[in-house]
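See structure below.
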Amino acid sequence: SQQGEEDPQALSIQEGENATMNCSYKTSINNLQWYRQNSGRGLVHLILIRSNEREKHSGRLRVTLDTSKKSSSLLITASRAADTASYFCAWIQGAQKLVFGQGTRLTINP
Amino acid sequence: GAGVSQSPSNKVTEKGKDVELRCDPISGHTALYWYRQSLGQGLEFLIYFQGNSAPDKSGLPSDRFSAERTGGSVSTLTIQRTQQEDSAVYLCASSSKTGGSEKLFFGSGTQLSVL
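Right under this line is the structure:
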């Protein structure tokens, strides 16, 4: 991809397990964002991590950022059925264009 | 408004017809984005408006696609002479600050089906 990649493309785990999704990008960034999408419609913002931060937490979410490797990861701990969704990372490309990765489809099995 | 509103939520059209998709951003938001998402795929950037600046149209796939934002608020995405490959969900998002520095708020999208 010209923009970057997320892996895995799909992830299926049991409820209660942790889920880790990775994002790689190709430009210098000021910050990186993660979004969740249910049912293929509108996205919901989860968390923003700035380039001078290495790790950030929000509830059961933990995001890391390694600007030297141009990569970020999203960890969801103690997963629930309601966490089933697609997860996307996003960053600025060029002047002010916010672009998204291809996403990870997460399925939580009860 | 309380959130980003898009209309219609679903649009079925015949190949060759023109369609207009509307986006009402959150009041006061200066940044507005349009994205396209094909089934099971990621978001494809189409166009970005920021205040009174010239829009970034670099993502528009062809000259059949155009968008405008009147009065710095409502935006309309127009697709002329629709083709079957235009079938997708079209998502609009707005933000209170310069794109990328703060989170985007998304509408529920318009599902466009070209027969």
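The listed protein sequences correspond, in order, to chains B and Y.
Residues 3 to 112 (our numbering) make up the first sequence, in order.
Residues 3 to 117 (our numbering) make up the second sequence, in order.
All C-beta atoms, glycine included, are put in the ideal place defined by N, C-alpha and C.
Establish whether the CB of Y/ASP20 and some CB of chain B are separated by less than 9 Å.
The residue you call residue 20 of chain Y lines up with position 18 of the second sequence. Look at Y/ASP20: its C-beta is not under 9 Å from any C-beta on chain B.
Anything in chain Y within Cβ reach of B/HIS47, meaning under 7 Å, just list it in chain order.
Translated into the one-based positions of the first sequence, residue 47 of chain B becomes position 45. Under the 7 Å cutoff, chain Y gives LYS105 and LEU106.
Comparing the C-beta of B/ARG64 with each C-beta of chain Y, is any distance below 9 Å?
As a working note, residue 64 of chain B is residue 62 in the first sequence. Chain Y, which has no Cβ nearer than 9 Å to the Cβ of B/ARG64, makes this no.
Check whether the region 83–94 of chain Y touches the region 16–30 of chain B, taking contact to mean three or more Cβ pairs, one atom from each stretch, closer than 8 Å.
No: fewer than three Cβ pairs fall under 8 Å.
Does the beta carbon of B/ALA92 come closer than 9 Å to any beta carbon on chain Y?
In the first sequence, counting from the first residue as 1, residue 92 of chain B sits at position 90. Using a CB distance cut-off of 9 Å, B/ALA92 counts as an interface residue toward chain Y.
Relative to the C-alpha of B/LEU22, which candidate in B/LEU63, B/LEU34, B/GLU7 and B/GLU55 has its C-alpha closest?
In the first sequence, counting from the first residue as 1, residue 22 of chain B sits at position 20. The residue you asked about is not Leu; residue 22 of chain B is Thr in the sequence shown. The shortest Cα separation from B/THR22 among B/LEU63, B/LEU34, B/GLU7 and B/GLU55 belongs to B/LEU63.
Would you mind sorting B/GLU8 into buried or exposed? The rule is 16 or more other CB atoms within 10 Å of its CB.
For the purposes of this step, residue 8 of chain B is identified with residue 6 of the first sequence, where counting begins at 1. Taking every protein chain shown into account, the CB of B/GLU8 has 16 or more other CB atoms within 10 angstroms, so this residue is buried.
Sub-9 Å separation of Y/SER60 and B/GLY6 beta-carbons:
In the second sequence, the residue the question calls residue 60 of chain Y occupies position 58. In the first sequence, the residue the question calls residue 6 of chain B occupies position 4. Not closer than 9 Å, so no.
List the residues of chain Y that B/GLU104 touches, going by C-beta distances under 8 Å, in chain order.
For the purposes of this step, residue 104 of chain B is taken as residue 102 along the first sequence, with counting starting at 1. Note that residue 104 of chain B is Gln in the sequence shown, not Glu. Those are GLN43 and GLY44, listed as they occur along chain Y.
For Y/ALA95 and chain B, any beta-carbon pair shorter than 9 Å?
The count along the second sequence starts at 1 and reaches residue 95 of chain Y at position 93. Proximity of Y/ALA95 to chain B, defined by a Cβ-Cβ separation below 9 Å, is satisfied.
Completely contained alpha helix (DSSP H) runs for the region 5–63 of chain Y, where each covers 4 or more residues:
For the region 5–63 of chain Y, not a single whole alpha helix (DSSP H) run of length 4 or above is found.
Can you grab the Cα-Cα spacing for the pair Y/PRO10 / Y/GLY18, in whole Å?
To locate residue 10 of chain Y, count along the second sequence from 1; it is residue 8. To locate residue 18 of chain Y, count along the second sequence from 1; it is residue 16. Pairing Y/PRO10 with Y/GLY18, the inter-Cα distance amounts to about 19 Å.
Taking the C-alpha atoms as reference points, what is the distance between Y/LEU45 and B/CYS91?
Sequence index remark: in the second sequence, residue 45 of chain Y carries index 43 (1-based). Sequence index remark: in the first sequence, residue 91 of chain B carries index 89 (1-based). Each residue's Cα considered, the two are about 10 Å apart.
For my contact list, B/PRO112 and B/ALA87 are in at a C-beta cut-off of 8 Å; report their separation, rounded to the angstrom.
In the first sequence, residue 112 of chain B corresponds to position 110, counting from 1. In the first sequence, residue 87 of chain B corresponds to position 85, counting from 1. A Cβ-Cβ distance of about 15 Å is found for the pair B/PRO112 and B/ALA87, leaving them out of contact under the 8 Å criterion.
Taking 9 Å as the CB-CB limit, is Y/PHE47 close to chain B?
Taking the second sequence and counting its residues from 1, the one referred to as residue 47 of chain Y is at position 45. Contact with chain B is found for Y/PHE47, since one of that chain's Cβ atoms lies less than 9 Å from the residue's Cβ.
Could you give the DSSP three-state label for B/CYS68: helix, strand or coil?
Your numbering for residue 68 of chain B matches position 66 in the first sequence. Contrary to the premise, residue 68 of chain B reads as Asp rather than Cys in this sequence. Per DSSP, reduced to three states, the secondary structure at B/ASP68 is strand.
With contact counted as at least three CB pairs below 8 Å, one residue from each stretch, are the region 73–90 of chain Y and the region 17–32 of chain Y in contact?
Output reads yes: the region 17–32 of chain Y touches the region 73–90 of chain Y.
For a test of the three-state rule: what should DSSP assign to Y/GLY74, helix, strand or coil?
Position 72 of the second sequence, counted from the first residue, corresponds to residue 74 of chain Y. Helix, per DSSP.
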